[in-house]
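Below: the structure, in C-alpha cells.
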Amino acid sequence: MIKSVKVSNVSLGASDRDLREFFSFSGDIEYVEMRSDNERSQIAYVTFKDSQGAETAVLLSVQISYFCMENLSKFI
Numbered sequence: 001m002i003k004s005v006k007v008s009n010v011s012l013g014a015s016d017r018d019l020r021e022f023f024s025f026s027g028d029i030e031y032v033e034m035r036s037d038n039e040r041s042q043i044a045y046v047t048f049k050d051s052q053g054a055e056t057a058v059l060l061s062v063q064i065s066y067f068c069m070e071n072l073s074k075f076i
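Positions 1 to 76 (full-length UniProt numbering) are the ones given, in order, by the sequence shown.
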C-alpha cells in the first residue's frame, strides 16, 4: 500500500514543521522530505505511518483544490 504523497508548488517559506502541522489531520506522519523544485517553489514528499493517512490526505487535497477552483471562478 502507498504511504507517501507528493506535494508540489510548496512555498519556499514553508518548513518541514508547517507541512507536518498541515497534514497531521490526515494521520500520523513518519517523515517529510523537501526538495527545491525551482526558484519559486519546492516539492515535498510526506510519508505517513500507514496507507490510510496518505489516502485521507489525497482525498482532502482534491476537496481543497475543488473549493479553490470554485471560489476563484467567481472572480474571473
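Where is the CB? At the ideal position from N, CA and C, for every residue including glycine.
Identity of the residue in Gly27, Val46 and Glu21 nearest Ser8 by Cα:
Here residue 8 refers to the residue found at position 8 of the sequence shown. For the residues Gly27, Val46 and Glu21, the minimum Cα distance to Ser8 belongs to Val46.
Between Gly27 and the rest of its own chain, which residues show a CB-CB distance below 8 angstroms, the 5 nearest in sequence each way excluded?
As a working mapping, residue 27 is identified with position 27 in the sequence shown. Excluding residues within five positions, the ones whose Cβ falls inside 8 angstroms are Phe48, Lys49, Asp50, Gln52, Gly53, Ala54, Thr56 and Ala57.
Pick helix, strand or coil for Glu39, following the three-state DSSP scheme.
Mapped onto the sequence shown, residue 39 falls at position 39. Coil at Glu39, not helix or strand.
Excluding the 5 residues preceding and the 5 following Asp16 in the sequence, name in chain order all residues of the same chain whose CB lies nearer than 7 angstroms to its CB.
Taking the sequence shown and counting its residues from 1, one reaches residue 16 at position 16. Contacts found: Val32 and Met34.
Could you tell me if Leu19 is buried or exposed, where buried requires 16 or more neighbouring beta carbons within 10 angstroms of its beta carbon?
Against the sequence shown, residue 19 aligns to sequence position 19. When all chains shown are included, Leu19 counts as buried.
Give the straight-line distance between the Cα atoms of Phe23 and Asp37, rounded to the nearest whole angstrom.
Within the sequence shown, numbered from 1, the residue matching residue 23 stands at position 23. Within the sequence shown, numbered from 1, the residue matching residue 37 stands at position 37. Cα atoms of Phe23 and Asp37: separation of roughly 20 angstroms, rounded to the nearest angstrom.
In the structure shown, what three-state DSSP assignment does Ser4 receive?
Locating residue 4 in the sequence shown gives position 4, counting from the first residue. Note: Ser4 maps to strand in three-state DSSP.
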